Every structure is written in C-alpha cells, then in structure tokens.
Amino acid sequence: HLGRGGALGGGQEGQEDPPLIYLAVDNGAVRHEAERVFGGQLVVREAPITRWNVEGQRAALIDILLLSFCDDIITTQMSTFSYVAHALSSTVPYVVTMQGTCVRDVSSQPCLHAWRHIVLASDCFLGELP
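Shown next, in the form of structure tokens:
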C-alpha cells in the first residue's frame, strides 16, 4: 500500500522536492524492492511484519492511520487494509488491477471488490443449496 504525501516534504524555498512515499506492507521482498526503486523518497515504519500478535496488529493500525493522512493512496483490488485508510481520509484511491493497470477508483467509499470471485466460488450459485 503506497501513500504519497506532498505535505511531508521539506525542500528549500522555491524548490519543490519529489513527494515522499509512505509504504505499508507486510512483505519484506516488496519492501526491499520499493527501497531500491524509490530510494530517499520512501518512508517506512520499523515495526513487526505480522498479523498474529498484538504488537503486529497495533503496528498495522498505525500504518492505516498514517496512510489515511497521505495525499494519494495506491492499493490493490483485494486490500481491506487500504479500504479502511482511504475511507477514513475520503481519498479516492488509485487501484492496481489484477491485470497490472492502475486506475482511479470512483469513490473513497470502501466496497467488496472481490465479490465476483466469492460469488463464483460459492455453492449458493450452483443451482442446489447444500
């Protein structure tokens, strides 16, 4: 989940620094790749990368709140984590689709983008209920 926060940059008067990019991710390989690509523009929090204990859950909540303060949010179609951040901020996110394209969503309101996958995999739509 990437957030771009122009208000965080602090350049010299008359010069515009490139925007800072806040990364909230629980995948170490993605984080290392982002560090390589964005270099000094990247801002990350040192926190546990886990969903399975209170410390990791607290870190995730802080990441959600920090993302909600970003000027722009870039997320994936299946990210409930980012849904909460852009809903809190009323920011209309950019969404990376399953095909790898990046599109601006139509609203900041979170919704279940995975509904089609869930419905098609459901026994409820096979003609007979169990």
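Under my numbering, residues 2 to 131 are what the sequence shown spells out, in order. Ideal Cβ positions, reconstructed from N, Cα and C, are used throughout, including at glycine. Please read these numbers as outputs of a predicted model, since none were measured by experiment.
For Tyr84, collect the residues of the same chain with a Cβ closer than 6 Å to its Cβ; drop the 5 residues on either side in sequence, then sort them by chain order. Pro111
Straight-line Cα distance separating Ile63 from Gly7: Note that Gly7 scores 45 on pLDDT, short of 50, meaning its location in the model is unreliable; the coordinates nonetheless yield the value given after this. Those two C-alpha atoms are separated by around 19 Å.
Selected residue, minimal CA-CA separation from Tyr23, among Thr102, Glu56, Tyr95 and Val44: Comparing C-alpha distances from Tyr23 to each of Thr102, Glu56, Tyr95 and Val44 shows the shortest one belongs to Val44.
Can the beta-carbon of Ile75 be found closer than 8 Å to that of Val97? Yes, Cβ-Cβ distance for Ile75 and Val97 is below 8 Å.
Going by beta-carbon coordinates alone, are Leu68 and Ala25 separated by less than 8 Å? yes
Delimiting residues of the beta strand (DSSP E) encompassing Thr76: Asp73 to Thr77
Please report how far the alpha carbon of Glu47 lies from the alpha carbon of Gln100, in whole angstroms. 31 Å
Ends of the beta strand (DSSP E) at Ile65? Per DSSP, Ile65 is not a residue of any beta strand (DSSP E); the alpha helix (DSSP H) it occupies stretches across Val55 to Ser69.
Give me the residue from Asp27, Ala60 and Pro19 with the minimum Cα distance to Gly40. Pro19
Span of the alpha helix (DSSP H) holding Arg37? Residues Gly29 to Phe39.
For Ala30 and Glu17, what's the separation of their Cα atoms in angstroms? 30 Å
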